[in-house]
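To start, the structure itself, in structure tokens.
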Amino acid sequence: MRQYMGSDKRTLEKIVCNQCGQELKLENGIVQEGVFSGDARWGYFSGWDGERHSFDLCEKCYRRLIGSFRLPVTVEEETELL
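Each residue of the sequence shown is one higher than the one before, starting from 1 at the first, in this note's numbering.
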């Protein structure tokens with residue numbers, strides 16, 4: 001869950017893991033640890049027609065989530081890190 005300063009939503013104030021509630025480390029609005037951000041826009045024929053769901057997970061909760069998958073996630077090497 002992301003919280004921003006002011007109504008313009010330009011300056012990130014806080015990121016909290018939606019699963020465990022841990023606040024992730026920020027410095028000057030920049031995340032200083034791994035975070036998974038999910039965003040789903042639900043269309044017709046879903047249980048959430050017309051809704052947008054977004055959430056953030058810390059690394060520990062992300063590992064737990066993908067560990068429960070029947071099929072593993074696809075992992076590729078990144079040469080340039082953001």
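Where a beta carbon is used, it is the ideal one built from N, C-alpha and C, also for glycine.
- A residue is called buried when at least 16 other Cβ atoms come within 10 angstroms of its Cβ; residue 56 meets this threshold and is buried.
- The beta carbons of residue 23 and residue 31 sit no closer together than 8 Å.
- For residue 28 and residue 34, the gap between their C-alpha atoms comes out near 16 Å.
- Secondary structure of residue 59 (DSSP, three-state): helix.
- When only Cα atoms are considered, residue 51 and residue 40 end up about 8 Å apart.
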